[in-house]
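See structure below.
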Amino acid sequence: MRRRALTLAVGAALILVANAVALIGVAYNRSGEPESRLVLSQRELGRPWTGYRNKENSGLSLTLEWRVPALNAESSHAYYSSLGGSPAWLDERRMAELGFDVERAKGNDRRREKVISQSERQMLVVLELAGAAWQQAREQARQRLAHQESLRQASPGAKELVEAEKRAREGLAREENENTRLFAVDVGTDLASLRAKYPDRSRYLILKGKLRLLSTFRDKQPVVTGYLEDRGVHQINVPHALRGTFEAMPPRAGGPAERKPPFTATVAVGQRLEPRIEAVAVP
């Protein structure tokens with residue numbers, strides 16, 4: 004009985020210590036002036052999907068949705084609103100500067116696969132709101148539509164070209180009105196250096212993210228790039244006092260016809276580079 008009581012006491016103490024550490028971390032993250040503060044909208048903050056919440060989970064969180072710039076107007080992921088990927092600026096030289104073993108990743112022996120599979124590491128990711136990268140994405144969407152219009156006009160009877168033009172038109176509408184305006188524009192390891200390069204704290208937020216090596220072939224030659232992960236990296240808990248705004252909205256059901264109810268939210272990034280919601284407004 005004494006051993007069992009001791010085990011229970013130790014377990015309870017560990018829980019108390021863990022909770023205390025978590026509370027200290029939250030307090031530190033909120034201390035002082037925020038590292039950045041941005042006003043985001045439903046385009047950048049994804050609400051829970053249907054079935055996301057249940058009776059056992061009384062919390063509510065939003066997903067910070069961001070993407071990487073498409074390589075060109077014909078990029079296959081240019082139609083998606085949020086997707087990790089390999090931006091052009093994460094080339095071999097940049098990855099080597101960040102400390103990745105690019106040369107070994109380009110090899111043709113067993114070490115190559117091991118280097119690539121074990122390459123993921125935490126980095127600081129710079130996200131730009133409604134800047135040059137978003138302007139480029141809109142211009143690419145316009146170029147896709149213009150290209151499909153010219154093809155359809157040259158062959159007016161081709162049903163597949165009519166459908167392609169329709170998709171391009173819908174893609175432009177999503178880019179103008181729905182897709183996230185947050186783009187990953189840089190990565191690094193030193194917060195001070197990145198903030199000096201991107202001083203506007205209402206336009207650029209810096210968060211922790213995941214970066215790994217990606218090896219592909221171009222003209223039958225191995226090419227190494229960087230791949231930014233977006234899988235569940237940035238979840239933002241909604242304070243209890245602000246949950247009513249989101250709980251009154253219908254959950255996301257998915258599909259191309261879905262429209263997100265409009266809102267704006269002030270998001271502050273604290274000392275630990277963890278985002279939190281300070282205020283929410285609904286038009």
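Going by the numbering used here, the residue at position 54 of the sequence shown is 57; the numbering climbs one at a time, nothing skipped. The beta carbon of each residue, even a glycine, is placed where N, CA and C say it ideally should be.
Anticipated Cβ contact below 8 angstroms, residue i with residue j, distance rounded
{"i": "residue 231", "j": "residue 283", "result": "So it is not a contact: roughly 28 angstroms between Cβ atoms."}
{"i": "residue 212", "j": "residue 97", "result": "About 15 angstroms; that fails the 8 angstroms criterion."}
{"i": "residue 185", "j": "residue 130", "result": "5 angstroms"}
{"i": "residue 64", "j": "residue 241", "result": "6 angstroms"}
{"i": "residue 140", "j": "residue 72", "result": "7 angstroms"}
{"i": "residue 249", "j": "residue 50", "result": "6 angstroms"}
{"i": "residue 148", "j": "residue 171", "result": "4 angstroms"}
Residue closest to residue i, alpha-carbon to alpha-carbon, out of the options
{"i": "residue 218", "options": "67, 103, 146 and 66", "result": "103"}
{"i": "residue 268", "options": "87, 67 and 36", "result": "67"}
{"i": "residue 108", "options": "72, 118, 100 and 128", "result": "118"}
{"i": "residue 45", "options": "122, 182, 146 and 178", "result": "182"}
{"i": "residue 239", "options": "177, 280, 215 and 100", "result": "280"}
{"i": "residue 134", "options": "114, 201, 226 and 251", "result": "201"}
{"i": "residue 105", "options": "120, 95 and 222", "result": "95"}
{"i": "residue 48", "options": "138, 237, 286 and 274", "result": "237"}
{"i": "residue 224", "options": "251, 263, 93 and 111", "result": "111"}
{"i": "residue 99", "options": "226, 252 and 251", "result": "226"}
{"i": "residue 69", "options": "137, 114, 113 and 62", "result": "137"}
{"i": "residue 247", "options": "220, 285, 274 and 222", "result": "285"}
{"i": "residue 177", "options": "142, 203 and 153", "result": "142"}
{"i": "residue 62", "options": "173, 252, 243 and 115", "result": "243"}
Counterpart residues of residue i in DSSP-defined beta bridges
{"i": "residue 186", "result": "70 and 131"}
{"i": "residue 240", "result": "64"}
{"i": "residue 118", "result": "Looking at the DSSP assignment, residue 118 forms no beta bridge with any residue, so it has no partner."}
{"i": "residue 93", "result": "Per DSSP, none; premise fails for residue 93."}
{"i": "residue 282", "result": "269"}
{"i": "residue 228", "result": "217"}
{"i": "residue 211", "result": "127"}
{"i": "residue 48", "result": "67"}
{"i": "residue 206", "result": "Bridge partners of residue 206: none, in fact."}
{"i": "residue 40", "result": "271"}
{"i": "residue 191", "result": "127"}
{"i": "residue 88", "result": "231"}
Test item: CB-CB of residue i and residue j under 9 angstroms
{"i": "residue 272", "j": "residue 278", "result": "yes"}
{"i": "residue 214", "j": "residue 190", "result": "yes"}
{"i": "residue 216", "j": "residue 158", "result": "no"}
{"i": "residue 151", "j": "residue 168", "result": "yes"}
{"i": "residue 270", "j": "residue 41", "result": "yes"}
{"i": "residue 276", "j": "residue 36", "result": "no"}
{"i": "residue 192", "j": "residue 101", "result": "yes"}
{"i": "residue 197", "j": "residue 132", "result": "no"}
Residue i beta carbon near the ligand GTP (any heavy atom closer than 8 angstroms)
{"i": "residue 204", "result": "The ligand GTP is not part of this structure, which contains no ligands at all."}
With contact counted as at least three CB pairs below 8 angstroms, one residue from each stretch, are the region 162-174 and the region 208-228 in contact?
-> no
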